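Residue 11 is where the sequence shown starts when you use our numbering, and the numbers rise one by one after that.
In what follows, a single structure is set out as structure tokens and then discussed.
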Amino acid sequence: MTTTLEAAIAEHYIQLHPVSWETFNQLLEDLGDNRNKRLTYYQKTLQVMSPLGQHENNNRFIDDLIRAITDELGLNLKKFGSLTLKSKPLQQGVEADSCHYIKNEFRVRGKQKIDLEIDPPPDLVLEIDITSGSLNKLPIYANFRVPEVWQYKGDQLKVFLLEEESKTYQEVKASKIFPFLDLNLIPKLIQQSLEIGETATLKQFRQWVRENAA
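Rendered as structure tokens:
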């Protein structure tokens with residue numbers, strides 16, 4: 011078994027290989043739900059990511075922006091946070107920073123856990139990926155048929171849409187769920203929140219949504 015460890019500004023990564031599917035599931039069980047780690051399992055590689063302050067701040071603030079948009083548009087939203095998505099037949103598993111059900115909110119309303127064998131995947135997944143060296147999670151999300159993935163790189167927001175036929179993602183210039191959203195606005199809002207505070211920034215953003223989402 012080989013081990014790699016990378017210290018980061020926003021995240022700490024540990025990667026182990028080879029790791030069995032059984033070991034991955036046992037680790038999930040041992041760690042439980044109340045933990046500050048994200049696990050990814052792909053092609054017998056296990057990645058354990060520990061988010062640091064910048065990572066979590068960006069994650070929670072973008073999560074708040076998504077909530078603000080759905081509130082202003084009158085859309086139902088169910089947030090699952092770092093939901094564990096896994097498939098025994100595929101021998102793959104991943105925990106995003108934030109998972110959101112919007113279009114399919116009514117199909118998971120009232121549920122505390124998601125089973126991909128019977129439930130739809132999240133409509134939108136958010137990944138904060140500031141540090142180099144992390145596993146490419148897009149192939150996993152493609153196999154789980156997540157229609158839209160956001161990646162925040164610390165200075166830009168990238169949006170990927172799933173092409174069903176090829177089961178691959180294409181980077182696009184606009185979100186399919188929120189087509190009016192200016193992707194360049196996200197890093198500016200994060201910086202603004204550091205200067206004038208999150209509450210004031212979110213208030214201004216809600217006004218922007220009302221003026222631009224019509």
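Beta carbons: idealized from backbone N, C-alpha and C, even for Gly.
The structure presented is a predicted model; accordingly, all values stated were derived computationally and were not measured.
Going by beta carbon distance, what residues of the same chain come within less than 6 Å of residue i, once the five residues before and after it are set aside?
i, result
"Met-59", "Glu-21, Tyr-23, Arg-48"
"Gln-202", "Thr-211"
For residue i, which beta-bridge partners are listed by DSSP?
i, result
"Ser-97", "Gln-102"
"Pro-157", "Per DSSP, none; premise fails for Pro-157."
"His-22", "Ser-60"
"Leu-49", "Val-58"
"Ser-10", "As shown, the chain starts at 11 and ends at 224. That puts residue 10 outside it, with no answer to give."
Determine the DSSP secondary structure at residue i, reduced to helix, strand or coil.
i, result
"Thr-141", "coil"
"Ile-150", "helix"
"Gln-201", "helix"
"Lys-213", "helix"
"Ile-187", "coil"
"Val-182", "strand"
"Val-169", "strand"
"Leu-87", "coil"
Which residues in the same chain have their Cβ closer than 8 Å to the Cβ of residue i, if we skip the five residues on either side of it in sequence?
i, result
"Lys-98", "Trp-31"
"Phe-116", "Asn-86"
"Asn-153", "Ser-97, Leu-100, Gln-102, Lys-177"
"Ala-18", "Here the model assigns Ala-18 a pLDDT of 42, short of 50, so the residue's position is not dependable, and the following value carries that caveat. Same-chain partners within the cutoff: Leu-62, Ile-140, Thr-141, Gly-143."
"Leu-145", "Gln-25, Thr-50, Tyr-52, Thr-55, Gln-57"
What does a CB cutoff of less than 7 Å around residue i pick up in its chain, not counting 5 residues either side in sequence?
i, result
"Thr-14", "Confidence is the limiting factor: at Thr-14 the pLDDT is only 42, short of 50, which leaves the residue's position unreliable, though a coordinate-based value still follows. Cβ neighbours of Thr-14 beyond the five flanking positions: Gln-25."
"Leu-8", "Given that the chain is displayed from residue 11 to residue 224, the structure contains no residue 8 and the question cannot be resolved."
"Leu-38", "Leu-49, Thr-94"
"Arg-285", "Summary: the structure shown does not reach residue 285, with the chain confined to residues 11 through 224, and so no result is reported for it."
"Ala-223", "Glu-82, Leu-83, Phe-190"
"Ile-112", "Thr-80, Leu-85, Leu-87, Asp-133, Leu-134, Ile-187"
Count the other CB atoms within 10 Å of the CB of residue i; is the residue buried (16 or more) or exposed (fewer)?
i, result
"Glu-16", "Bear in mind that the predicted position of Glu-16 carries a pLDDT of just 41, short of 50, making it unreliable; the figure below should be weighed with that in mind. Exposed."
"Asn-69", "buried"
"Phe-90", "buried"
"Asp-139", "buried"
"Thr-209", "exposed"
"Glu-137", "buried"
"Asp-107", "buried"
"Lys-121", "exposed"
### Query
Are the region 27-36 and the region 127-134 touching, with three or more C-beta to C-beta distances below 8 Å?
no
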